[in-house]
């Protein structure tokens, strides 16, 4: 799709200062963006059309959530005599039930709920008309009644209330209506039993006291707010970012298709300043879209009289609207940077659209997660991008937001926005984007004609996109074969690790004609690095263990009692095979292959484009996400320690210029943990490892910290530049 509208690229006068020049660029980008009719349609028309429809849906849901004012219980009996007896019993039982509740002082409404008329219950007792006899079970199963009652009376035809009776209640399994009707009948009949017992005691002139008295106090559950308030932030934020999608594409890929990007790049202005002007324009349009959405949402809520239903007695106040607008501002800053990061690398309008579709789908997923009960802005969620802003908006609407988590969520989101903008500035306007061909999808499979020293970032992420789902499915399939002999499972696990983390990158490098030594960073390292890698491998596991405990204490734990039992069973199975087999399959092979993928192939493609530390961090986070996936489940508590371990491994690999030292570090780390797990019983006899589910001794942590410091200093000293310029060694990529 090519936009033919003109674009002004006249440079500002050179005599202007840098801030004034930047203001000229910003005005230029805003003028071109806001005069486009498609931007105005997204800005104004979509909220005006969408929110009235959503308001009608929300009103319907609010009415349904409030519950019906009248409840009908349909009770079927076999004969007219049973119907007469049951009607009298339920009438007297209802009187006794209400008297007992008043005497106990029970509250019929949860605290904080606005007073409203009580729900009226209507009983409909009937005898089914059927010449072939009454089949209550079939009637209840077919939904013809809510509950069926069979009454065996000692004297048929006698309808006296206080005679002994044997009742059978028939209800539909899984039906809430049938369960409620059955509970209603049971409560009234039990109250009648107590009333009859009291009557007999009074006739015998004896004091009757119930042996057990109960009182029910109703409290509002935590973490279960209004369902509509969980949906509203997602709709509001997604509608806000929708306004920035088209400007982000038009100001980057659109400039490329209009052949004006080359003119901009020829100006004596840095690419970062040009991109910042576009960023301000996208943020402005996104924020204006959010403001319009907020205004239309407020008008819709007010006109449909949903303000008190959704936001309490105070309704949608000006202070709440201002706080929501502040959340939208932070969210706009973050999402605009992400949009520009993706669209700056696109060579065409269509390619940019293809990049943003997965982003929009990924944006919906955290919103659906926040609808689940119990999700709050806590220690574990306030730093998660996108989810933290959704939870903050939800808590602002509910009136439950607290200061510290809100500040952390805002600051981390701004940090993510800055990082995304910095990466976008590296990509924007590069020769590969400006002069690259648009191409077809079949170009992805074309093999280059010449050899290259390292993979491109696109090749790296394409291989990653194939590896992650394959690893996910393989892990899940292996989890279903728990009855397989442990030796076979270990062999299969090792084989799949080799195929995924070593085989796929090697095939990708060979197909793209990339030399394997440089593509996997298989270079020599200084001799002193090797003992340092051994020391680091032996010193990392205590602090990894402590971080896992910290994550579990913060509530980020997926291993319940059943999973822990499975782990114990797995440890017992490991002891049935030689330790060397377990260490090779789960320690040596993953350590080698994962390093080839993450610190070899992955860093080789990312480092030239992103720089050292951004590449290390991206590889570390990806490494951590892979370690969340377990066979048959997930372990979110492994994300942070695995990511930090990935940072250390990446630093060693970049510092030494080789993947081999980090490979040794990884193997030693894995093997140490596996050996300790295999000889756990023997270590317990020596009073080593008796700290199950508690913190390690301070001496262990101190020794581990000393080893880490020694290893880091040794690597830094061994890889320091030579003082003689002629002997400076270039660090290979």
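In this note's numbering, the protein residues as written are 256 to 988.
Even for Gly, the Cβ is constructed at its ideal location relative to N, Cα and C.
Of the listed residues 583, 833, 434, 959, nearest to residue 327 (C-alpha basis) | Comparing C-alpha distances from residue 327 to each of 583, 833, 434, 959 shows the shortest one belongs to 434.
Quick one: any contact between the stretch 894-914 and the stretch 772-787, if contact means 3 or more CB pairs under 8 Å?
-> In this structure the stretch 894-914 lies against the stretch 772-787, because at least three pairs of beta carbons, one per stretch, are closer than 8 Å.
Give me the Cβ distance between residue 440 and residue 404, rounded to the nearest whole Å; I'm assuming they're in contact under 8 Å.
-> With a contact defined as Cβ atoms closer than 8 Å, residue 440 and residue 404 qualify at about 7 Å.
Quick one: grab the DSSP three-state call for residue 454.
-> In the structure shown, residue 454 adopts helical secondary structure according to DSSP, grouped into three states.
Secondary structure of residue 779, DSSP reduced to three states = Three-state result, residue 779: coil.
Would you call the stretch 838-851 and the stretch 650-662 in contact, with 3 or more CB pairs under 8 Å?
-> Judged by Cβ distances under 8 Å, the stretch 838-851 makes no contact with the stretch 650-662, as fewer than three pairs qualify.
For residue 839, the first and last residue of its enclosing beta strand (DSSP E) | No beta strand (DSSP E) holds residue 839; DSSP gives it neither H nor E.
So which of 495, 597, 630, 532 has the shortest CA-CA distance to residue 581?
-> Of the candidates 495, 597, 630, 532, the residue whose Cα lies closest to the Cα of residue 581 is 495.
Beta-carbon spacing of residue 395, residue 426 below 8 Å | Result yes, Cβ atoms of residue 395 and residue 426 sit closer than 8 Å.
Please report how far the alpha carbon of residue 611 lies from the alpha carbon of residue 848, in whole angstroms.
-> Taking the CA atoms as reference points, residue 611 sits about 32 Å from residue 848.
Look at the Cβ atom of residue 739, then the Cβ atom of residue 846, and state whether they are nearer than 8 Å.
-> The Cβ atoms of residue 739 and residue 846 do not sit closer than 8 Å to each other.
Take the Cβ of residue 643 as the centre, count every other Cβ of all protein chains shown within 10 Å, and call the residue buried at 16 or more, exposed below.
-> Its Cβ being crowded by 16 or more others within 10 Å, residue 643 is buried.
For the stretch 866-885 against the stretch 790-798, are there 3 or more C-beta pairs whose distance is under 8 Å?
-> Touching, no, given that fewer than three Cβ pairs across the two stretches are closer than 8 Å.
Can you tell me the Cα-Cα spacing of residue 525 and residue 921, whole angstroms?
-> Roughly 41 Å separates the two Cα atoms.
Starting from residue 381, follow the beta strand (DSSP E) in both directions and report where the run begins and ends.
-> Where residue 381 is concerned, the enclosing beta strand (DSSP E) starts and stops at 375-381.
Could you check how far apart the C-beta atoms of residue 596 and residue 675 are, in whole angstroms? I think they sit under 8 Å.
-> Correct: roughly 5 Å between the Cβ atoms.
Beta-carbon separation (whole angstroms), residue 858 vs residue 835, contact threshold 8 Å = Cβ-Cβ separation between residue 858 and residue 835: approximately 31 Å, too far for a contact (criterion under 8 Å).
Which runs of the alpha helix (DSSP H) spanning at least 4 residues fall entirely within the stretch 757-806, listed in chain order?
-> Taken in chain order, the complete alpha helix (DSSP H) segments of 4 or more residues contained in the stretch 757-806 are 759-766, 771-774, 784-794.
How many Å lie between residue 398 and residue 620 at the Cα?
-> The C-alpha of residue 620 is placed about 38 Å away from the C-alpha of residue 398.
Put residue 384 into one of helix, strand or coil per three-state DSSP.
-> Coil.
Quick one: what does DSSP say residue 707 is sitting in, helix, strand or coil?
-> Here residue 707 sits in strand by DSSP.
Complete runs of the alpha helix (DSSP H) confined to the stretch 868-925 [at least 4 residues] = Segments of the alpha helix (DSSP H) lying fully in the stretch 868-925: 894-911.
Ends of the beta strand (DSSP E) at residue 406?
-> Its beta strand (DSSP E) spans residues 402-407.
Length at least 4, wholly inside the stretch 415-450: the alpha helix (DSSP H) runs in chain order | Those alpha helix (DSSP H) runs which fall completely within the stretch 415-450 and span 4+ residues do not exist here.
Since residue 1055 sits in a beta bridge, which residues does DSSP pair it with?
-> Because the chain is modelled from 256 through 988, residue 1055 falls outside the range shown and cannot be assessed.
Let me know the secondary structure DSSP gives residue 864 once reduced to three states.
-> Note: residue 864 maps to helix in three-state DSSP.
Alpha-carbon to alpha-carbon, residue 615 and residue 487 | Those two C-alpha atoms are separated by around 17 Å.
Opening and closing residue of the alpha helix (DSSP H) in which residue 661 lies | In the DSSP annotation of this structure, the continuous segment of the alpha helix (DSSP H) that includes residue 661 starts and ends at 658-682.
Cβ neighbours of residue 539 in the same chain (closer than 7 Å, five flanking residues each side left out) | Same-chain partners within the cutoff: 285.
Since residue 326 is in the beta strand (DSSP E), which residue starts that stretch and which ends it?
-> Run containing residue 326: 325-332, per the beta strand (DSSP E) assignment.
Could you check the C-alpha separation between residue 513 and residue 678 for me, to the nearest Å?
-> So the alpha carbons of these two residues sit roughly 24 Å apart.
Could you give the distance in angstroms between the alpha-carbon of residue 649 and the alpha-carbon of residue 894?
-> CA-to-CA, the gap between residue 649 and residue 894 works out to about 25 Å.
Buried/exposed call for residue 756, threshold 16 Cβ in 10 Å | Flag for residue 756 reads buried.
Which of the three DSSP states, helix, strand or coil, is assigned to residue 955?
-> Three-state result, residue 955: helix.
Just confirm the distance between the C-beta atoms of residue 446 and residue 352, as a whole number of angstroms; I'd bet it's less than 8 Å.
-> Confirmed, Cβ separation roughly 4 Å.
What's the gap between the Cα of residue 900 and the Cα of residue 640?
-> Roughly 21 Å separates the two Cα atoms.
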